[in-house]
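Working notes for the structure below.
Residue numbers (our numbering), protein chains in the order written: chain L, 13 to 248; chain F, 77 to 255.
Structure below.
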């Protein structure tokens with residue numbers, strides 16, 4: 013099932029929508045069933061709009077506890093975790109009720125009836141009493157001083173932004189290179205590096221690719237060049 | 077003191093104050109108890125429902141305001157633009173504050189399941205809610221609705237708002253239906 017990419021107000025809003033779309037009754041079984049969809053939405057959120065990610069993860073964790081429990085009934089996760097997860101139904105119902113109250117306020121907001129108060133305050137009227145020494149010459153001099161100050165603010169020192177390369181960019185680059193050339197070496201990768209940061213990023217990208225078993229590294233002797241090949245290609 | 081006179085005096089003071097005045101502040105001016113002032117203000121709220129000027133009262137604060145029933149005409153006179161609508165997130169947050177006030181940020185976020193910092197700030201800036209210190213714990217801030225909230229939504233008397241249980245009595249979670 014596709015999850016609509018619409019914006020949800022929060023994890024409870026999303027969960028409510030998932031359950032209502034499926035016309036499932038709210039049982040632990042139903043919650044376990046929508047866990048996958050919930051997680052895929054969270055994954056999408058991670059890329060697009062990670063602002064409230066932590067809040068979504070809290071609910072995702074509860075769903076996983078429920079799902080684990082439904083698959084392995086004998087699993088003992090500790091009373092506190094289980095209680096907090098199974099409390100989710102009550103939490104959903106309470107949220108839905110406040111959503112209804114919000115709808116009521118929306119109707120009031122849309123009727124656009126409104127009242128106004130008057131802003132005049134008889135008790136503290138503002139009057140301007142200038143200093144007796146103040147004259148036109150002083151005022152114009154002050155303004156000139158102020159303009160001079162502003163000049164300094166406008167002439168702020170400038171700094172050139174350096175291009176930063178991210179690990180994921182580097183990973184993509186190395187993957188592309190490997191699929192084109194079949195083999196490359198660390199020294200040739202580092203030759204392209206324009207800064208110390210890029211050397212580090214290249215190295216981290218290689219470690220990540222090795223961990224994910226996308227590339228294989230081989231070094232024939234100590235301090236020798238490291239050869240990079242596609243994982244599994246030298247075994248065949 | 078004669079009740080009619082007391083009410084008349086309260087109205088005069090509120091007219092010149094032209095800002096929210098608390099029952100406590102009135103108590104310092106009037107030589108009557110806060111209980112009597114509350115009683116008089118409740119009567120004023122009820123008396124003025126159809127008047128051009130109504131008395132708004134919430135959380136022991138009072139303010140005179142134009143009657144929301146005349147909203148269209150007043151807007152025309154002031155040549156006002158249509159105001160910005162409240163977002164879903166703000167409305168959810170506002171609903172929780174309205175029915176649970178005074179309420180803490182933690183409680184609001186617990187109910188919504190999501191960080192509500194932005195909504196709260198937005199509502200504060202618009203003056204629809206205010207922060208007060210918790211009576212039990214001075215370090216804790218609690219949120220309440222304001223007189224501006226009543227003005228904004230055209231609520232003449234907080235008693236006109238539906239009771240939360242009544243409003244949400246038909247809300248249930250989905251039940252199993254045979255496919």
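Quick reminder that beta carbons are idealized off the backbone N, C-alpha and C, glycines included.
Whole-angstrom C-beta distance between residue j and residue i, which should lie under 8 Å
i, j, result
"residue 78/L", "residue 50/L", "Wrong, their Cβ atoms sit about 11 Å apart, outside the cutoff."
"residue 80/L", "residue 87/L", "6 Å"
"residue 195/L", "residue 240/L", "7 Å"
"residue 134/F", "residue 226/F", "6 Å"
"residue 196/F", "residue 214/F", "The pair is not a contact, with the Cβ atoms about 20 Å apart (cut-off 8 Å)."
"residue 34/L", "residue 46/L", "7 Å"
"residue 192/F", "residue 184/F", "5 Å"
"residue 205/F", "residue 221/F", "6 Å"
"residue 183/L", "residue 217/L", "5 Å"
"residue 112/L", "residue 244/F", "5 Å"
"residue 103/L", "residue 24/L", "7 Å"
Assigned secondary structure, residue i (DSSP; H/G/I helix, E/B strand, else coil)
i, result
"residue 223/L", "helix"
"residue 133/F", "strand"
"residue 249/L", "Absent from the structure is residue 249/L, since the part of chain L shown begins at 13 and ends at 248."
"residue 150/L", "helix"
"residue 182/F", "helix"
"residue 336/F", "Since the first residue shown for chain F is 77 and the last is 255, residue 336/F is missing from the structure and cannot be characterised."
"residue 239/L", "strand"
"residue 228/L", "strand"
"residue 197/L", "strand"
"residue 141/F", "strand"
"residue 238/F", "coil"
"residue 147/F", "helix"
"residue 98/F", "strand"
"residue 194/F", "helix"
"residue 160/F", "coil"
"residue 129/L", "coil"
"residue 205/F", "strand"
"residue 244/F", "coil"
"residue 24/L", "helix"
"residue 105/F", "helix"
"residue 220/F", "strand"
"residue 141/L", "coil"
"residue 247/L", "The predicted model places residue 247/L with a pLDDT of 47, which falls under 50 and marks its position as unreliable; any figure quoted below should be read in that light. Residue state, collapsed to three classes: coil."
Cross-chain neighbours of residue i in chain A, by beta carbon under 9 Å
i, result
"residue 130/F", "Reference to chain A is not applicable here, since the protein chains of this structure are L and F."
Beta-carbon gap between residue i and residue j smaller than 8 Å
i, j, result
"residue 169/F", "residue 188/F", "yes"
"residue 149/F", "residue 141/F", "no"
"residue 213/L", "residue 221/L", "no"
"residue 235/F", "residue 219/F", "no"
"residue 201/L", "residue 186/L", "yes"
"residue 27/L", "residue 71/L", "yes"
"residue 86/F", "residue 120/F", "yes"
"residue 90/L", "residue 64/L", "no"
"residue 139/F", "residue 89/F", "no"
"residue 172/L", "residue 250/F", "no"
"residue 76/L", "residue 54/L", "no"
"residue 79/F", "residue 122/F", "no"
"residue 121/L", "residue 161/F", "yes"
"residue 113/F", "residue 166/F", "no"
"residue 130/F", "residue 143/F", "yes"
"residue 210/L", "residue 177/L", "yes"
Interface positions of the segment 40-61 of chain L facing chain F (Cβ-Cβ less than 7 Å), listed along the chain: Residues passing the 7 Å Cβ filter: none.
Near-chain F residues of the segment 75-88 of chain L - C-beta to any C-beta below 8 Å: Residues: none.
What residues in the segment 142-173 of chain L bring their beta carbon closer than 8 Å to a beta carbon of chain F? None of the residues of the segment 142-173 of chain L has a beta carbon lying less than 8 Å from any beta carbon of chain F.
Proximal residues, the segment 86-117 of chain L versus chain F, C-beta separation under 9 Å: Within the segment 86-117 of chain L, the qualifying residues are 101, 103, 104, 105, 106, 107, 108, 109, 110, 111, 112, 113, 114, 115, 116, 117.
Please list, in chain order, the residues of the segment 139-155 of chain F that have any C-beta partner in chain L closer than 9 Å. Taking 9 Å as the Cβ-Cβ cut-off, the segment 139-155 of chain F approaches chain L at 139, 140, 141, 142, 143, 144, 145, 146, 147, 148, 150, 151, 154, given in chain order.
Taking three-plus beta-carbon pairs below 8 Å as touching, is the segment 99-109 of chain L in contact with the segment 118-132 of chain L? These segments do not touch.
Is it a yes or a no for the segment 217-225 of chain F touching the segment 169-179 of chain F, going by three-plus beta-carbon pairs under 8 Å? Contact between the segment 217-225 of chain F and the segment 169-179 of chain F is present, because at least three Cβ pairs lie under 8 Å.
Evaluate contact between the segment 227-236 of chain F and the segment 110-124 of chain L, counting only Cβ atoms and requiring at least three cross-stretch pairs below 8 Å. Segments in contact, yes.
Looking at chain L, which residues of the segment 111-125 of chain F have a Cβ within less than 7 Å of any of its Cβ atoms? Cβ contacts with chain L: none found.
Compile a chain-ordered list of the residues in the segment 182-206 of chain F whose CB is closer than 7 Å to at least one CB of chain L. Of all residues in the segment 182-206 of chain F, 187, 188, 189, 190, 191 have a Cβ within less than 7 Å of some Cβ in chain L.
In the segment 22-37 of chain L, which residues sit with their C-beta less than 9 Å from some C-beta in chain F, listed in chain order? Listed by position, the residues of the segment 22-37 of chain L near chain F (Cβ gap below 9 Å) are 22, 23, 24, 25, 27, 28, 31, 32, 34, 35, 36, 37.
Using a Cβ-Cβ cut-off of less than 7 Å, give me the residues of the segment 83-112 of chain F that come near chain L, in sequence order. Per Cβ criterion, the list reads 92, 94, 95.
Of the residues that make up the segment 167-183 of chain F, which ones have a beta carbon closer than 8 Å to any beta carbon in chain L? Against chain L - using a Cβ distance shorter than 8 Å - the residues of the segment 167-183 of chain F are 167, 168, 170, 171, 172, 174, 175.
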